[in-house]
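What follows is one structure encoded as structure tokens, with my remarks underneath.
Number of protein chains: 2
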Amino acid sequence: MDNCTFVIFGATGDLTKRKLIPALYQLVAEKKLTNFAIVGVAIDDVTASDMLNKAREFIEPLDEAIWKQLENVTYFQRVDFLNEQDYVPLRKRVEEAEKKHKLSGNRMLYCAAAAQFFCPITTNLVASGLAKKTAPDAKPWYRVVYEKPFGHDRTSAHEINECIARHLHENQVYRIDHYLTKEVVSNIALIRFTNCVFEPLWNNRYIDQVQIILSEKVCVGDRGYYYDKYGALADVVQNHMLELLALVGMEAPELLKGDYVREQRAKVLQKIEVVDGLLGQYEGYLQEPGVAPQSKTETFAALMLRVNNPRWAGVPFYLKTGKCLDKKEIVIHIKFKQVDCLLAKNCPSDSNWLTIKVTPDATFTLNLNAKKPGYTNELVQMSMEYCHSCIFGQRSAEAYEIVFEEVIRGELAAAVRFDEIEYAWKVIETIRKDHFSLYPYKQGTVGPTEALQEFSRKHGMRWRS
Amino acid sequence: MDNCTFVIFGATGDLTKRKLIPALYQLVAEKKLTNFAIVGVAIDDVTASDMLNKAREFIEPLDEAIWKQLENVTYFQRVDFLNEQDYVPLRKRVEEAEKKHKLSGNRMLYCAAAAQFFCPITTNLVASGLAKKTAPDAKPWYRVVYEKPFGHDRTSAHEINECIARHLHENQVYRIDHYLTKEVVSNIALIRFTNCVFEPLWNNRYIDQVQIILSEKVCVGDRGYYYDKYGALADVVQNHMLELLALVGMEAPELLKGDYVREQRAKVLQKIEVVDGLLGQYEGYLQEPGVAPQSKTETFAALMLRVNNPRWAGVPFYLKTGKCLDKKEIVIHIKFKQVDCLLAKNCPSDSNWLTIKVTPDATFTLNLNAKKPGYTNELVQMSMEYCHSCIFGQRSAEAYEIVFEEVIRGELAAAVRFDEIEYAWKVIETIRKDHFSLYPYKQGTVGPTEALQEFSRKHGMRWRS
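Chains as they are written, first to last, in the working numbering: chain A, 1 to 465; chain B, 1 to 465.
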């Protein structure tokens, strides 16, 4: 991998200590990262050690020798993101680090900050010379990473995109959806397109419906102030869930990499139609710290979408997500159509399902009908499983380790293109305009039970669990 | 299940003690068989106890109470199969047993005898009134079971069929291929036709080739005298292997039962073309007891066949079988076509295979390409497996238990229809006419190595192991 300097905006924040520093530590431990520097940036008055030490508890097990390696190349610079002047000493700090550690000038500028800072940071980075607009393959490279949420609606996302486009080439821009780097998620496209057995079935002739479920057991906790401004739709549907849908639904790209994949994902997102939906809010949400007393923010959503193209005409895509539910699970269920029954009796009562579990296990499971042992032509449901997370002795890389790796390699497929973001926000905008009802639900349940039953009845579907 | 009397011709033979009596014992143990009688028939002068006792060592574990149940309903009658007069006391013996055990007169007449006796036994059964030609659903029923080999070539099989047809309705005739009753074999059609995911792929657009392999470790042993007259082609290709091919290749029957299935199997067998082949004989075969000193009988065969219909045009079916080989295995490998590679590098080096293992395990395995954990877009081969014989706690029924059950139920699919037998013999006849070379091979190997390599090279194929 190329050597580089990581400049982290938001160095004293939650993401940095919980995910970014631990991921960098791991890359060092695995010797994938050998020649690099880290420059933490925030408005707070802290030291590099302060910043690093807050991450220690999230690294397990921690090897002091590797930690020392990290300490030796880590710096901190106090910067007001909005103050252009502050970027001059930051540039100096970065250049000193590059000189001291004999780096080539490659820079990964990581915006672990709120979306309102994306435009000012980008503008100031380029104005100060910390980053430059370059051709895709230029050396040294300048790559800017933006964390989600990328704006709060279609208009704000568009404005940020416009601002970024003035300063950087789109191929320098990494709008991160870390779900796209999860092992089993990147496996979806590989399994679809490197095997002969799935793609012929992957269309409305054989697929009956798709269900994408993202359930969380946790409630909003101490994120109330942030969460109440977004809600489930903006927090997970707009990004993670629609990107999963796009991966499942996309046409074959010319190559399974970079912009070829993004182009195909964008085409799916562009064709999404919102058909029906219901929203929910868990009982007790209004009492959570940071939540507005009369808040109408949804903590639950069940949606029926369509993808209006020849491959998916007539196939419903059901999405369901919520906080404070009965279980933690991220899963995609693909239901194949029922076949004509050739049996005189005991016809199969359920069809075939391909289940892709993202969390807690990373597995692919194919549910089939087979012969009940010892009984003529009676059927049982059986399953063939591939457990990505358990077959290989090797530990799977954490999402953020892969984020760093992919950005260093210049792999764009794990990042979301400007138009994907805007199409996805458009879907959320449509849902908001539809004013779906907001139902209360009890904590630790499956959501608003009666409303869900009515939804199922109406669409003749059953959520698979 | 209907009550019935089992009349076993060849009651002192190998099959009776090794398979038939143990299967009946098992059906009693499982309480599937409660009201029945057994009448053993042979030219030997033995008692019912003699006959039964020879089977004891093949039953494990043996429960004396169940054994006693069997003894109480078992009789023996000495009969010269060719002597019409001997069938009069046999009928009397059967009728007495039916009266004593309050049976309804249903009779399963089981010819565990050589094919030369099939016509005389059938003729005499009907002449003596032990069996009657009846409509398919008549009560009581008379069903005659014929063990393989059914003749020794197409002409002899045809003659037996003609003889049987004069005396019985085809639906009273059960030409047994006990492979068709093996759990995983009857699962082939069920899995193909009760799931949405296989049938769309099951044709020459997606399937590259089919391999059917039946390897035996054992040599001819004490069966030399019998085996030398038949050879591998007549012993296993004509029946087991071609029936497996027919099951894999057949079109969807209207119903997955009885004559609907046989009709479709027959259509496949009718369309088989022999393209290429090689034969082998293991070193030391000529010294086996009972084998002719200059014997040219094959103990090994590798064949390339085609099925000339729209579904299979262009798809080679490779068959390989032999005795005295390096392993015992019965397996069907279905190779799917390679997909266009969408990866910039590290394209999949092997395609997808569906493997159906009949022996030693009963498993379905789907081999796929998947992501190598932790590495962007590198592939590994993974497999999804369904183990029919190990998932269910329950013991799988032995083939002959199912033979008895299916005949009692009047299920014809496990039996081979008159035309199937003749089409299959025609294939063997074609192979014999082609005078494929006979190569020697060492015992305990994969067969005639060099000739096999030449065969693989010529056809651009590789035997999967």
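Ideal placement from N, C-alpha and C gives every residue a C-beta, glycine not left out.
Whose CA, out of B/G277, B/I334, B/E454, lies closest to the CA of B/F198?
-> For B/F198, the closest alpha carbon among the candidates B/G277, B/I334, B/E454 is that of B/I334.
Scan the stretch 330-375 of chain A and note each continuous alpha helix (DSSP H) run of 4 residues or more that stays entirely inside, going in chain order.
-> Counting whole runs of 4 or more residues, the stretch 330-375 of chain A contains no alpha helix (DSSP H) stretch at all.
Delimiting residues of the alpha helix (DSSP H) encompassing B/I431 | For B/I431, the uninterrupted alpha helix (DSSP H) segment begins and ends at 418-433.
Please report how far the alpha carbon of B/V7 lies from the alpha carbon of B/E401, in whole angstroms.
-> So the two alpha carbons sit approximately 16 Å from each other.
Close Cβ partners of B/P253 (< 6 Å) along its chain, the five nearest in sequence each way excluded | The answer, listed in chain order, is Y260, V261, Q264.
Name the chain A residues that come within less than 9 Å of B/K337, Cβ to Cβ?
-> When 9 Å is used as the limit between beta carbons, B/K337 is near these residues of chain A: C196, in chain order.
Three-state class that DSSP yields for A/F404 in the structure shown | In this structure, A/F404 counts as helix in the three-state DSSP scheme.
Exposed unless 16 or more other CB atoms sit within 10 angstroms - verdict on B/E454 | Flag for B/E454 reads exposed.
Best match in A/I408, A/D228, A/R56, A/T430 for proximity to A/M32 [C-alpha to C-alpha] = According to the sequence as given, residue 32 of chain A is Lys; it is not Met. Ranking A/I408, A/D228, A/R56, A/T430 by Cα distance to A/K32 puts A/I408 first.
What residues in its chain sit with their C-beta under 6 Å from that of B/V79, if we drop five residues either side in the sequence?
-> Taken in chain order, the residues that qualify are V41, D86, L90.
Do you know how far the Cα of B/V339 is from the Cα of A/S128?
-> Approximately 49 Å between the Cα atoms of the pair.
Which chain B residues are close to A/H178, counting only those with a beta carbon under 9 Å from its beta carbon?
-> Within chain B, no residue comes near A/H178; the closest Cβ sits about 15 Å away, beyond 9 Å.
Who pairs with A/V307 in a beta bridge, going by DSSP?
-> The partner list for A/V307 (beta bridge, DSSP) reads A/I272.
For the candidate residues A/K327, A/Q443, A/K257, whose alpha-carbon lies nearest to that of A/E406?
-> It is A/K257 whose Cα lies nearest to the Cα of A/E406.
Could you tell me whether the Cβ of A/P348 comes closer than 8 Å to any Cβ of chain B?
-> For A/P348, at least one C-beta of chain B is nearer than 8 Å to its own C-beta.
Excluding the 5 residues preceding and the 5 following A/P22 in the sequence, name in chain order all residues of the same chain whose CB lies nearer than 8 Å to its CB.
-> Hits under 8 Å: A55, F58, I59, E398, Y400.
Candidates A/P120, A/I428, A/T363: closest to A/V331 by CA position = Distances from the alpha-carbon of A/V331 to those of A/P120, A/I428, A/T363 put A/T363 closest.
Where A/G460 falls, given that 16 or more other Cβ within 10 Å makes a residue buried | Taking all protein chains in view, the Cβ of A/G460 is surrounded by fewer than 16 other Cβ atoms within 10 Å, so the residue is classified as exposed.
Keeping to the same chain, check which residues put their C-beta closer than 8 Å to that of B/E283; ignore five residues upstream and five downstream.
-> Excluding positions up to five away in sequence, the list reads P440, Y441, K442, Q443.
If you draw a straight line from the alpha carbon of B/F150 to that of B/R166, how long is it in whole angstroms?
-> For B/F150 and B/R166, the distance between alpha carbons rounds to 17 Å.
Between the CA atoms of B/D137 and B/E411 - distance to the nearest angstrom | It is roughly 12 Å from the alpha-carbon of B/E411 to the alpha-carbon of B/D137.
Can you find a C-beta in chain B that's less than 8 Å from the C-beta of A/Y206?
-> It does; some Cβ of chain B falls within 8 Å.
Step through the CB atoms of chain B and report whether any lies within less than 8 Å of the CB of A/S186.
-> With 8 Å as the cut-off, A/S186 counts as an interface residue toward chain B.
Endpoints, alpha helix (DSSP H) assigned at A/G322 = First-last for A/G322: 317-322, but that is the beta strand (DSSP E), not the alpha helix (DSSP H).
With A/D208 as the anchor, note down where its beta strand (DSSP E) starts and where it stops.
-> Its beta strand (DSSP E) spans residues 207-215.
Would you list the one or two residues that DSSP bridges to B/A301?
-> Secondary-structure assignment with DSSP links B/A301 through a beta bridge to B/L279, B/T321.
Would A/N377 count as contacting chain B if we go by Cβ distances under 8 Å?
-> It does; some Cβ of chain B falls within 8 Å.
Determine the closest residue to B/V315 out of B/K271, B/E147, B/Q26, B/G322, with distance taken between C-alpha atoms.
-> Answer by Cα proximity: B/K271.
Within 8 Å (strictly less), CB to CB, does B/M382 reach chain A?
-> At a cut-off of 8 Å between C-beta atoms, B/M382 counts as an interface residue with respect to chain A.
Pick from B/T297, B/L354, B/R311, B/C196: whose alpha carbon is nearest that of A/L354?
-> In this structure, B/C196 is the residue among B/T297, B/L354, B/R311, B/C196 with its C-alpha nearest to the C-alpha of A/L354.
Which residues share a DSSP beta bridge with B/R143?
-> DSSP output for B/R143 lists B/M108 as bridge partner(s).
DSSP state of A/E199, grouped into three classes?
-> A/E199 falls in the helix class under three-state DSSP.
Any C-beta of chain A sitting closer than 8 Å to the C-beta of B/H388?
-> Cβ-Cβ to chain A under 8 Å: yes for B/H388.
Taking DSSP as the reference, what is the three-state secondary structure of A/V173?
-> If DSSP states are grouped into helix, strand and coil, A/V173 belongs with the strands.
Kindly indicate if chain B contains any beta-carbon less than 8 Å away from that of A/S351.
-> Chain B, which has a Cβ nearer than 8 Å to the Cβ of A/S351, makes this yes.
Considering only C-alpha positions, which residue in the set B/L379, B/F418, B/N367 is nearest to B/R464?
-> Nearest C-alpha to B/R464 among B/L379, B/F418, B/N367: B/N367.
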